[in-house]
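*Asks:* Okay, handing you the structure first.
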Amino acid sequence: ERKYKEHLRCPECHVVVVGARGRLARGIIEKLVSLGENVLAVARPVRCGIISVPRWFAELMVKSKGRGMNLEWDGGDVTIPDSLSSFHNAKAVIFAATSSPDHEVCINGKRNGPRDVDRDGLANVARAAVQF
Numbered sequence: 768e769r770k771y772k773e774h775l776r777c778p779e780c781h782v783v784v785v786g787a788r789g790r791l792a793r794g795i796i797e798k799l800v801s802l803g804e805n806v807l808a809v810a811r812p813v814r815c816g817i818i819s820v821p822r823w824f825a826e827l828m829v830k831s832k833g834r835g836m837n838l839e840w841d842g843g844d845v846t847i848p849d850s851l852s853s854f855h856n857a858k859a860v861i862f863a864a865t866s867s868p869d870h871e872v873c874i875n876g877k878r879n880g881p882r883d884v885d886r887d888g889l890a891n892v893a894r895a896a897v898q899f
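Reminder that position 110 of the sequence shown reads as 877 in the working numbering, one-by-one numbering, no gaps.
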């Protein structure tokens, strides 16, 4: 238990937020930043091979740098286990991803239903998180 608590205070560690493009994730990320946590946001690329950071996150990155915090953005798709490699030095992983029928996945065709994201995606994230 002591080692666990020490890990939670790890200054070089971060909290990973998966599904970072959504409204729920935005609220979580903003709260983590207000608590002084380093954050690694993970979200699907908007288009095949193109990772873009939302404006709100870029603004938060600039503000947090001045406070000595580290915010990063990384591409990853919960339906593609090999794309989930961002969990090194994570002290916590928050799953905020959800399926959205109108969002096309750029790899493996359209794998975006509740079963693919909400069930299998959560299992993929849990397996990836345990590896680190």
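The C-beta atom is built at its ideal place from N, Cα and C for all residues, glycine as well.
What distance in whole Å lies between the Cβ atoms of Thr865 and Gly789, which are believed to be in contact at a cut-off of 8 Å?
*Replies:* For the purposes of this step, residue 789 is taken as the residue at position 22 of the sequence shown. For the purposes of this step, residue 865 is taken as the residue at position 98 of the sequence shown. Going by Cβ atoms, the distance from Gly789 to Thr865 rounds to 7 Å, so yes, they are a contact pair.
*Asks:* Near Pro848, which residues of its chain fall below 8 Å by C-beta distance, leaving aside the five closest residues on each side in sequence?
*Replies:* Your numbering for residue 848 matches position 81 in the sequence shown. Hits under 8 Å: Asn891, Arg894 and Ala895.
*Asks:* Please state the DSSP three-state secondary structure of Ala857.
*Replies:* Working through the sequence shown from its first residue, we reach residue 857 at position 90. If DSSP states are grouped into helix, strand and coil, Ala857 belongs with the strands.
*Asks:* DSSP puts Glu839 in a beta bridge; with which residues?
*Replies:* Taking the sequence shown and counting its residues from 1, the one referred to as residue 839 is at position 72. Answer is Leu807.
*Asks:* Considering Cα atoms alone, identify which of Val806, Ala857 and Asp844 is closest to Gly835.
*Replies:* By 1-based counting over the sequence shown, the position of residue 835 is 68. Cα-wise, what sits closest to Gly835 is Val806.
*Asks:* With DSSP collapsed to three states, give me the class of Met834.
*Replies:* Residue 834 sits at position 67 when you count from the first residue of the sequence shown. Looking at the sequence provided, one finds Arg at residue 834 rather than Met. Reduced to three states, the DSSP call for Arg834 is coil.
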